[in-house]
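J.: Under numbering that gives the first Met the number 0, the first residue of the sequence shown carries the number 0, and numbering increases by one thereafter. C-beta atoms are modelled at their ideal positions from N, C-alpha and C, and glycine is treated no differently.
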Amino acid sequence: MTEKLIAHWRANGNAYPQKFILTPEQHTVYVETRKKGIGGPNIDGFEHMGVRIEVSDSTPGVMIAADGTEVSLVSTEE
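(1) Check whether the region 57–72 touches the region 27–43, taking contact to mean three or more Cβ pairs, one atom from each stretch, closer than 8 Å.
(2) How would you write the range of the alpha helix (DSSP H) that Ile5 sits in, first residue to last?
(3) Can you name the start and end residues of the beta strand (DSSP E) that Ala50 belongs to?
(4) At which residues does the alpha helix (DSSP H) containing Val61 begin and terminate?
(5) Looking at Ile20: is its Cβ nearer than 7 Å to the Cβ of Ser74?
(6) Quick check on Gly12: buried or exposed, where buried means 16 or more other Cβ atoms within 10 Å of its Cβ?
(7) Following the continuous beta strand (DSSP E) through Val28, name the residue where it begins and the one where it ends.
Structure, rendered in structure tokens:
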């Protein structure tokens, strides 16, 4: 998520994307990871670096760019 956000900033004059949309499973992993690292145990889990996070069963995991396009968060590299 952070890499996609930074790439978005660079490509869009530091404009913020509209939001991230994660699957319930992705969100659970995100929250658990953030609790163990930056964010600590009191993280709310519905914002990442100032960008809103939504949870949906019908997403592969995307960032909605400032212009409304979907950017996949799923790595295609093995």
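T.: In short, the structure shows the following:
(1) Counting Cβ pairs under 8 Å, fewer than three are found: no touch.
(2) Thr1 to Ala10
(3) Note that residue 50 corresponds to Val in the displayed sequence, not to Ala. First-last of the beta strand (DSSP E) with Val50: Val50 to Val54.
(4) That residue, Val61, is in no alpha helix (DSSP H); its beta strand (DSSP E) goes Val61 to Ile63.
(5) no
(6) exposed
(7) Per DSSP, Val28 belongs to no beta strand (DSSP E); it is in the alpha helix (DSSP H), Pro23 to Lys35.
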